[in-house]
Every structure is written in C-alpha cells, then in structure tokens.
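**Q**
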Amino acid sequence: MKKALFVALAMTLGSSLAAPFVYPASWTTNKPAEVQTGGTLRTVNLQDFKTLNPFVSKESPNLPAYMSAGGLLGQDPITDEYYPYMASSYTQSADKKTFTFNVRPGMKWSDGKPITADDWVTSYTLYSNKDIGSNGYDSFFINDQPIKVSKVDSDTVKVVFPKADVTALEFLTGFEPEPTHVFMPVFKSKGAEGIKNMWTISTDPKDIVVSGSFMLDRYQRGERALLKKNPYFGEWNKDSAGKALPYLDSVQINVVPDANAQLTQFLAGNIDVYAPDNRDKLAQVKAAMDAKKINGVLIPNASGRASSDFVVFNMDDSATFKTKLFSNPKFRQAFSMIVNRDAMVDLTLGGLGQPTYTGVYPVFKDWLATGADKYKFNPAGAIKLLNELGFTKKGPDGILVDKAGNKLEFTLITNAENVRRQGFAKIIQDEAKKVGMKVNTSFIAFNQMTDMLDAKSNFGRRNFDAILIGLTNGSRVFPISGPNVIECSGLADGGNLHMFNQSNKCRFPFETQTINLYWKGRAEFNLAARKAIANQIQRIEAEQQPYVQLAAQTVHYAWTDRTQGEFPRSAISSLTASTLYGPRVIDLTWIKR
Amino acid sequence: MLPYIFRRVLQFIPTFLLATLLAFFIVQLAPGDFLSQLKENPSVRPETVERLRREFGLDQPIIVQYFYWLKNFLTGNLGQSFQYKRPVTEVIGGPFVNSLILVLIGTILHYVVSIPIGVYSAVRPYSTGDKLFTFFSYIFLGIPSFFFALLVIWGMLKLQQNFGWDMPLGNKTSSKLPADLPWWRSAWDVFIHALAPSIILVLRGISSESRFLRGQTMEVLGQDYVRTARAKGVSENKVVYKHALRTALIPLIAGLGGLLPALIGGAGFLEVVFNWPGLTPLNLTALYNQDIYILQAVTAISTLLYLLGNLVSDLLLSVIDPRIRYH
Numbered sequence: 001m002k003k004a005l006f007v008a009l010a011m012t013l014g015s016s017l018a019a020p021f022v023y024p025a026s027w028t029t030n031k032p033a034e035v036q037t038g039g040t041l042r043t044v045n046l047q048d049f050k051t052l053n054p055f056v057s058k059e060s061p062n063l064p065a066y067m068s069a070g071g072l073l074g075q076d077p078i079t080d081e082y083y084p085y086m087a088s089s090y091t092q093s094a095d096k097k098t099f100t101f102n103v104r105p106g107m108k109w110s111d112g113k114p115i116t117a118d119d120w121v122t123s124y125t126l127y128s129n130k131d132i133g134s135n136g137y138d139s140f141f142i143n144d145q146p147i148k149v150s151k152v153d154s155d156t157v158k159v160v161f162p163k164a165d166v167t168a169l170e171f172l173t174g175f176e177p178e179p180t181h182v183f184m185p186v187f188k189s190k191g192a193e194g195i196k197n198m199w200t201i202s203t204d205p206k207d208i209v210v211s212g213s214f215m216l217d218r219y220q221r222g223e224r225a226l227l228k229k230n231p232y233f234g235e236w237n238k239d240s241a242g243k244a245l246p247y248l249d250s251v252q253i254n255v256v257p258d259a260n261a262q263l264t265q266f267l268a269g270n271i272d273v274y275a276p277d278n279r280d281k282l283a284q285v286k287a288a289m290d291a292k293k294i295n296g297v298l299i300p301n302a303s304g305r306a307s308s309d310f311v312v313f314n315m316d317d318s319a320t321f322k323t324k325l326f327s328n329p330k331f332r333q334a335f336s337m338i339v340n341r342d343a344m345v346d347l348t349l350g351g352l353g354q355p356t357y358t359g360v361y362p363v364f365k366d367w368l369a370t371g372a373d374k375y376k377f378n379p380a381g382a383i384k385l386l387n388e389l390g391f392t393k394k395g396p397d398g399i400l401v402d403k404a405g406n407k408l409e410f411t412l413i414t415n416a417e418n419v420r421r422q423g424f425a426k427i428i429q430d431e432a433k434k435v436g437m438k439v440n441t442s443f444i445a446f447n448q449m450t451d452m453l454d455a456k457s458n459f460g461r462r463n464f465d466a467i468l469i470g471l472t473n474g475s476r477v478f479p480i481s482g483p484n485v486i487e488c489s490g491l492a493d494g495g496n497l498h499m500f501n502q503s504n505k506c507r508f509p510f511e512t513q514t515i516n517l518y519w520k521g522r523a524e525f526n527l528a529a530r531k532a533i534a535n536q537i538q539r540i541e542a543e544q545q546p547y548v549q550l551a552a553q554t555v556h557y558a559w560t561d562r563t564q565g566e567f568p569r570s571a572i573s574s575l576t577a578s579t580l581y582g583p584r585v586i587d588l589t590w591i592k593r
Numbered sequence: 001m002l003p004y005i006f007r008r009v010l011q012f013i014p015t016f017l018l019a020t021l022l023a024f025f026i027v028q029l030a031p032g033d034f035l036s037q038l039k040e041n042p043s044v045r046p047e048t049v050e051r052l053r054r055e056f057g058l059d060q061p062i063i064v065q066y067f068y069w070l071k072n073f074l075t076g077n078l079g080q081s082f083q084y085k086r087p088v089t090e091v092i093g094g095p096f097v098n099s100l101i102l103v104l105i106g107t108i109l110h111y112v113v114s115i116p117i118g119v120y121s122a123v124r125p126y127s128t129g130d131k132l133f134t135f136f137s138y139i140f141l142g143i144p145s146f147f148f149a150l151l152v153i154w155g156m157l158k159l160q161q162n163f164g165w166d167m168p169l170g171n172k173t174s175s176k177l178p179a180d181l182p183w184w185r186s187a188w189d190v191f192i193h194a195l196a197p198s199i200i201l202v203l204r205g206i207s208s209e210s211r212f213l214r215g216q217t218m219e220v221l222g223q224d225y226v227r228t229a230r231a232k233g234v235s236e237n238k239v240v241y242k243h244a245l246r247t248a249l250i251p252l253i254a255g256l257g258g259l260l261p262a263l264i265g266g267a268g269f270l271e272v273v274f275n276w277p278g279l280t281p282l283n284l285t286a287l288y289n290q291d292i293y294i295l296q297a298v299t300a301i302s303t304l305l306y307l308l309g310n311l312v313s314d315l316l317l318s319v320i321d322p323r324i325r326y327h
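What follows is the structure, given as structure tokens:
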C-alpha cells in the first residue's frame, strides 16, 4: 500500500506542472468520442433557493454547493476510494493525524484569479468563525477538538486532525476553498456581519465567484436558476480523452415546490431528470414511457434509500415488569421474529423496498454483514422464545400471560404524519396477535414522539413502551450508527439518539462492546479492516436487537433520452446520485441532438 | 367628499390595530414560537437569539411586543425573514406583485364576463342561452377550484403530450424561452401563464355574480320607473343599460371591497397547484418554518387591502347611486 502510494506520488510529481484532473472513463457509460458538447440540462428543485452565500446557507440542496468544484480529496463513485482532487498529491504523517496537500497547479476561480493555498485558509478562518455561525462550523471539530489548517507556502496546505480518524477523509472531500480576494477584504473591514450580508439571492451574478464547472447566469426568484459554464474550469478538468469539461453550456434549475407539479413537468417533457418518490409517480412515468409519450430511461428500484425504520423499546431500567421484559434480549429476538418484513415491503411499500436487519442501510451493499437476518420472520420461533420467558398460557382473550399473571401487552407509538410507519405498525400488530402478543398502536405528532424519546432532566425513566421511528444520513466512510446513537453515558454531550437507554448508564455489556469497536473502526484507515469491524458490530446488533430493523424504501431514477453521460448501472444508487442531476456527474453529462 | 375620505382613513386606524393585534396573538398562540425553534438550532448562537429578542422586544409581554412590531411596521421595517436572512420587505415584494397579476386579470374578467351574462339572462330569461349559462354556473359553483385546476392541468398535459403544443403548464414564465427577451414578449409570456389560474380563480365568482345580477336586473326591470321610461319611448338598450343596470349593480359594487383580499386569499390553492410564485406559497413556507414576520406582514397587508377595498367600493357607490351622498 505504502509503496503504491509512493509510486503514485512519484508519477504525479513528475508531471506536476499544470497537470489537470482527468475524469476516469469508468464514471460514464459514454465514450469521449460519442459526446456532443453544448446544450442545456433542465432539472428541477422542490424549493426556492434562499441565498448564494456559502456561509449562511442552511438549506439542502443549495446553490453554493452546486457551484463549487469540490474539496482537496474526492470520492470515486465507482470504487468508493478517496483520490486527490484539488490537491495534485498529498502525504499523511505516520501518526495519521497530519495531511499535507500540494495544491493542484493551474486551478482558477470563475473570475480568472488563481486558486491557492490561501483560499483554504480563508475557508477555514470563516467557517470556523463563531460569529458567522455557518452550518459547516461543527465539521471543523472532531469530538469537540478543533481541526487546524495552515498554509505552508502558496502551493501547500497542512491539515492537522486532533486524532487519527477516518472521518478525516470525508471532511477533506467537503473542505472547499473560498475566494480570499472576495471575502477577506470584507471580513477585515466589516467583520462577521459583513460576511453574512454578502451574496444574497438578489446579488448581481457577476459578483459571485465560484470554483465549480457552472456559475450563476441569473436567478429568477420563485422560478428558476440559470447556470452557465465556468470557462476556467475546463483548464484544469479534462475528460479521459483530454477534452475540457464540462460538456454542457448551461444548466436550468426550475423551482417547482409541489411534488405533483414536478411529475407534470417531467411528463410534459419540460425537464430532463426526475426521481419519482413513490409508487404512483413511478407508475405514471412508466405508463408515459410505455406509451411513448416521453422517450427516456427509467430505473426503478435503483438502490435502497439512505434511511431506516425500526422499533425501539424502552430499556431505561428493569424496575417494572415491562422494562424488565424489554431489557431481556430473548424478548427482542422474539419480537424480531414476528416482524413480517416481506409483508411490509409488499403491502406498505408496494414491492418497492427491501427488508433490513442491521443499522447499516441496505444501500451500503458492501458493508452489510452476512447472517444478520438470524431472527427473521418466524412465528414458531417467536412462540418458543416467549415460552422460555414464561409466557406459556393464553388467557381467555387470547393474550399470553406469565405465572405472575402479567399480560404480554404493550403500546407501540409512531408519528401520525407518516403513513408508511403506520402501515408497518399495523402489520406488526396483526402478526403479534397471532402469537398471543397484544400490541396497541398509538399515532401522535412527531415532535411529541421525539419529546418522549428525549432524556428526562435527571435521566429518570421515560414514559413509553415502544416507538417506531427511523434515522437518515450518516457517514459513507464508516456507515455504522455514529456516537450519538451508540454512546450510553456522558449523554449531555452526545448519545442523544441512544434511544433504547437514556438513563446515562451503560446497562448492558453489548453497549460498551459496540462503542469500543466503533472507535476502533474510526481510527482504521484500511478499508477491509474497517469493514471487518463493521461486521462485528452488526453481528452484536443482530444478536441483541437493540433496534429491531424493519424495511427500507428504494429509489427510482428517470431521465429523457437527450440526457446522456450517466453512471454505469452498477454504480447508480442513492449514495452516488445527485439530488438535482440524478445518477451522473454533471461535468460528464451531455445533451444528444 | 375629501373630508369624508379623511374621516374614513382615520377610521382605518382602530380597525387595522384590532385586526393585526388579533393576528399577532393568534400567531403567538401557536405552539413553540420561532425563538424556541432557533434555540434548538445549533447553528444559531444564543447571542443572536438575544439580539433578536432585544430588537423586537420579545422578552416583553405580548401586548408590548405588538407595539414594538407596530412601531417597526410604521417606519417601514417589517422585520427580518429568518429563512432568507433578508428584510421581509425585500422578500415579500416579488410574490406580492405576482399575486396581484392573477388578481388583476381575475377582477377584470370577473366584471367583463359576469355583467353581460347577467344582463343577457335577465333580458331573455328561460331562453336557451340563459339555460346554458345556468347549467354551467351550477357546474362551476359545485366544483372546487383546486380540483378543477388539476383537471385543467391534466388536460393541458395531454394536449402537449399528444399534439406537441407548448402549453403553459404552471410557473410564471416558460422555461423554453431564452432569458433575454424584449419586454413585451416576457409580458405576453407571463400573461399566457397567468391566464389559466386567473380564469379558474374567478369562475366561481362569475357563476354566482351573473346569477345574482340576473335576479337583480329582472327585479328592477319590473319596476314602475322602468315602465315609465319605456312609456316615454326610451330605447330598450337605454332602458336596460342606463336605468335598470345601474340600480342592479349597486349590491355588486358594495361587494367589491371584499374582492381584493378574497381573491388574494382565494388565489392561494391555485398558486400552489399552478406553481405560481405568489404570496400563498411564500406564506405556507413561512408557516412551516415559523418565519413569523413574513406571516405578520402578509396579514397586515391583507388587512390594509380589505380596508382600502371597502373605501373604494363606498366611493364607487356614491358615483353610481344617486341616493348616496357623503359629507
């Protein structure tokens, strides 16, 4: 590995003068010779963009991010490997804490000024400024310890992390330069307030300086954003045949705040890329394509979504009959065996989903542990385990009771706004009834539900039995539930999503075991070794069932025939696809005429 | 007349105060004010919350807060939008004008279409034309406008798919036209896009108003002075349009005051369905994000419009009805 890195380093050093970044041929289905340049990609966004200022933007997707080239590193959508992007090469110190980057020569801002090491220092200075209060502020810390960025010379940036941590790679892909010559004079004269008042949505596009392949041409409030090609981007970004990128002349982002109106725009052929988000919309797109009303490509069930749904029990203590029962892994295993995940996929998700067994979202195919489905749907197995727990007799109402006369009954809560979760809850209720377990369902407001999950002020027992909820997002470099989900003590600073136990004490050995493994994985830069650790964590999870996972929805992508340059099918997933552009790199996208 | 207008404007003050005060209370009654939301947002620091607190006096009782807001309102400061990080005046301008476009086209259509239909139906009651108008009136009165809008969009979509006609399928301007256009071309583009929502917006109004006018005109046409006019040999057109219609229109004019705000409110669903960047979509997003000063500004402006509309309709009444004189 080290030798390979050295060879790669030597090669890049050898050709370091004005070496552009070359997009690998594997990132698109098209050969460079087929490509036609020019044209406009028409896409759609669900809301009006609110600012052009990267430091005050709180929305997602946001325009500043779409007009930025990227960071010092990039992540390959095909191999998941990290590669130097705005750096021509880099070295990592022996303790894995210090990264030294050679800034790629020949990079320019959209106004023609060179991009230098200073621009990363500016970015660091402004993002980590408390008074500016940017959304990126927290990413400059790992466990409350700051990341330090400094300039070695005009071509070299040094980033020092407080500890060896693989999330450093993710940070570095998101660590983008900001134009020093634009922001620093304002910061020096007017301070944080000055920065916050810059680049509003009505600022003249000529004053907006960006690094990315597209820059703002004009913004029509409530209607659309028009982006045009940044002429300087092609000087340092080439396709595999050496042609300057991007291929497109412009991008049109239409603001259509209503999901049904978006579908209409795609069916009318007014937009080029679209992601149907439910069965009805998918069916309409398919019908229109089958009837040749629109010519295009539809990829249903491209991959799972990066989100989960699970049931969590209240295991704060073992003082009552119920909390004692919930704290027993055998009960949770039995519960997992009455969860009919296939029925959930078929009935609730209309076949557009897949069963899940661990906290790793199914879209991370390479990370899923085998054998995690040990407690899959198996009512006979559930009955056997419940018998072992002492529930051997059924009362006259058909509900199991133990020797002390305790009924096997509890309430499952989920949020009233979410039809999918309510469907899941109903299926659980039906299957539970068959084995003699009475599940009462209760649908309440989301905020009320999260209030119930939050820790009490003195970490006393919370007042619920079981809640059906989910998580979204997370890390791509180590896609295991993070510290706020697994930490069981010191909860004031984290572990706010450690939903099954908010007593601020680690009650079970598996909790500590998981935490230790997790931090070991975070310090492991070797991908295979990290995956092995993730496997271990998932095996504990599958055995202990702290969160009984249910099923995950899938994503679907559609685009018109004129839109070309998408990822190869195997790389199309919710992780690689862009919210606005779909499963493709915008710089390699082209329009067929 | 002028002293009358002056007195009326003076009377605005208590009405406006009461209406905005009520709105302010109701907005504040909603669970969780925007500050509690800000406190949970890690990217908003306590100092910022404190600064906002002081700026709008939010540490004060609600009634005092209301006067802070009023003071700011009177100096033209509508507060700061939290989503846009810009003054509300700047954020609300564009959507307000957009809503006004729909309402203006709608109002003109409303009168231009309903008055001739009403008169026609009154002059030729129970004719085939009258029956046809009655039939359509009941349909348009019965069908909810947003649902009708969806049907229209579906119809336009089918036309575009099957015949390749470029239909104005929502939004304010066409995405297919180049960005730099002569002003008349852009204005035409906006008009074309505004047409469908404006028509649907007033279909209901036209239906009820033309029925109403039909009844009024028929009643007036049967009165003594009309018979006298006819007996004097006044031409039929003059009888209908000068004598009868003028009297029949009085209740219609009286209703004008409520029309402006009602149309702005009513344009709401249609703005959402037709993806028209007007006040309602802005207001809905503001509600969702608890962007309180946008909500309050929209309420205040609607109230002002309502008051102004009433004044205008009263003045018009004095022009049209010889029995009314203002002093």
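Here the protein sequences line up with chains A and B, keeping their order. Quick note: full-length UniProt numbering has the first sequence finishing at residue 593, numbered continuously throughout. Quick note: full-length UniProt numbering has the second sequence finishing at residue 327, numbered continuously throughout. Using N, Cα and C, we set each Cβ at its ideal position, and we do this for glycine too.
#1: When every heavy atom of the ligand NAP is checked, does at least one fall within less than 7 angstroms of the C-beta of L52(A)?
#2: Is G106(B) close to chain A? Criterion is C-beta to C-beta, closer than 8 angstroms.
#3: In angstroms, rounded to a whole number, what distance separates the CA positions of V255(A) and G112(A)?
#4: Tell me, please, which residues DSSP counts as bridged to F101(A).
#5: When the cut-off is 8 angstroms and only beta carbons count, does P281(B) lie next to chain A?
#6: Pull up the distance between the alpha-carbon of S81(B) and that of D454(A), whole angstroms please.
#7: Using a Cβ-Cβ cutoff of less than 8 angstroms, which residues in the same chain neighbour A302(A) once the five nearest sequence positions on both sides are dropped?
#8: Taking the beta strand (DSSP E) that W367(A) belongs to, which residues open and close that run?
#9: Check each residue of the stretch 148 to 159 of chain B: if its Cβ is closer than 7 angstroms to any Cβ of chain A, include it; give the result in chain order.
#10: Pull out every residue of the stretch 195 to 223 of chain A whose Cβ sits closer than 9 angstroms to any Cβ of chain B, in chain order.
#11: Going by DSSP, name the residue or residues bridged to G582(A).
#12: Going residue by residue through the stretch 253 to 310 of chain A, where are the continuous alpha helix (DSSP H) segments of at least 4 residues, counting only ones entirely within it?
#13: Determine, using beta carbons only, whether M449(A) and I469(A) come nearer to each other than 8 angstroms.
#14: Go to D130(B), then tell me how far its alpha helix (DSSP H) extends in each direction, as first and last residue.
#15: Pop quiz: F101(A) and T156(A) are said to be a contact at Cβ under 8 angstroms. What is the actual Cβ separation, rounded to whole angstroms?
#16: Can you tell me whether E417(A) is buried or exposed? The criterion is at least 16 other CB atoms within 10 Å of its CB, across all chains shown.
#17: Are I486(A) and K438(A) closer than 8 angstroms when you measure CB to CB?
#18: Can you give the beta carbon distance from residue 612(A) to K96(A), rounded, assuming they're within the 8 angstroms contact cut?
#19: Identify the contact partners of Q513(A) in chain B, using a Cβ-Cβ distance below 8 angstroms as the criterion.
#20: What residues are listed by DSSP as bridge partners for E566(A)?
#21: Using a Cβ-Cβ cutoff of 8 angstroms, what residues of the stretch 75 to 106 of chain B are near chain A? List them in chain order.
#22: Using the DSSP secondary-structure output, state which residues sit across from L304(B) in a beta bridge.
#23: So, are the CB atoms of F175(A) and R104(A) less than 8 angstroms apart?
#24: In whole angstroms, give me the CA-to-CA distance for P362(A) and E388(A).
#25: Buried or exposed for N501(A), please, with buried defined as at least 16 other CB atoms from any protein chain shown within 10 angstroms of its CB.
#26: Relative to the C-alpha of V312(A), which residue among P114(A), S327(A) and Q220(A) is closest?
#27: According to DSSP, is W199(A) helix, strand or coil?
#28: Kindly say whether T134(B), judged by its beta-carbon, lies nearer than 8 angstroms to any beta-carbon of chain A.
#29: My output table needs one value for P146(A): the three-state DSSP class, helix, strand or coil.
#30: Out of T264(A), K505(A), A33(A) and T320(A), state which residue places its alpha-carbon closest to the alpha-carbon of N406(A).
#31: Just checking: is the beta-carbon of Q265(A) within a distance shorter than 8 angstroms of some beta-carbon in chain B?
#32: Could you compute how far the alpha carbon of residue 615(A) sits from the alpha carbon of D280(A)?
#33: Considering Cα atoms alone, identify which of G482(A), E34(A), A25(A) and K50(A) is closest to D76(A).
#34: Quick check on DSSP: helix, strand or coil for L159(B)?
#35: State the DSSP-derived secondary structure class of P509(A), mapped to helix, strand or coil.
#36: Rounded to the nearest angstrom, how far is the Cβ of Q544(A) from that of Y357(A), given a contact under 8 angstroms?
**A** This is what the structure gives:
#1: What this structure holds is no ligand at all, so the ligand NAP is not there to describe.
#2: no
#3: 30 angstroms
#4: Y90(A) and V157(A)
#5: yes
#6: 30 angstroms
#7: T554, V555, H556, Y557, I572, S573, S574, A577 and P583
#8: Per DSSP, W367(A) belongs to no beta strand (DSSP E) and is neither H nor E.
#9: I153 and L157
#10: K196, N197, T200, I201, S202, D217, R218, Q220, R221, G222 and E223
#11: S578(A)
#12: 259 to 267 and 279 to 290
#13: yes
#14: T128 to G142
#15: 7 angstroms
#16: exposed
#17: no
#18: No answer is possible for residue 612(A): it lies beyond the span of chain A, which begins at 1 and ends at 593.
#19: Correct list: empty, because the minimum Cβ distance to chain B is about 30 angstroms.
#20: R584(A)
#21: Q83, Y84, K85, R86, E90, G94, P95 and N98
#22: DSSP, once it has assigned bridges, lists no residue as partnering L304(B).
#23: no
#24: 32 angstroms
#25: buried
#26: S327(A)
#27: coil
#28: no
#29: strand
#30: T320(A)
#31: yes
#32: Nothing in the structure corresponds to residue 615(A), since chain A is present only between 1 and 593.
#33: A25(A)
#34: helix
#35: helix
#36: Actually they do not touch by this definition, with Cβ atoms about 12 angstroms apart.
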